[in-house]
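Note sheet for the following structure.
In my numbering, the protein residues as written are 2 to 106.
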């Protein structure tokens, strides 16, 4: 136990003897840890931003008037079966007409 305290006190004295190298080492460690922390924060924020923008992304597909509801449903099923598509909502011609009527009178 005495050796431990002796080594601790000698280490402390050595720090005071070599003030410049001690200060530069502590400063270098502090700056390095700051860069690592800022890098981790930036990475975390960019990942969160990417996930938010990915979840907010929507795509609308419009069919011509010649497309029947069954053809539209078939195409919709193909779109939904794609890997990166989470969900899909098909609005039929009748539903679209009702929405248009509500919106524009």
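Every residue, glycine too, gets a C-beta built ideally from N, C-alpha and C.
Query raised in the report: Any idea what DSSP makes of residue 87, helix, strand or coil?
Result: coil
Query - Completely contained alpha helix (DSSP H) runs for the region 45–81, where each covers 4 or more residues - result: 70–81
Query raised in the report: Who are the near neighbours of residue 89 in its chain, counting only those whose CB is closer than 6 Å to its CB and skipping five residues on each side?
Result: 77, 80, 81
Query raised in the report: When the distance is taken between beta carbons, is residue 63 closer than 9 Å to residue 72?
Result: no
Report task. Could you tell me which of 70, 86, 48 sits nearest to residue 96, measuring between CA atoms? Result -> 70
Report task. Can you grab the Cα-Cα spacing for the pair residue 105 / residue 94, in whole Å? Result -> 16 Å
Query raised in the report: Is the beta carbon of residue 91 sitting closer than 9 Å to the one on residue 74?
Result: yes
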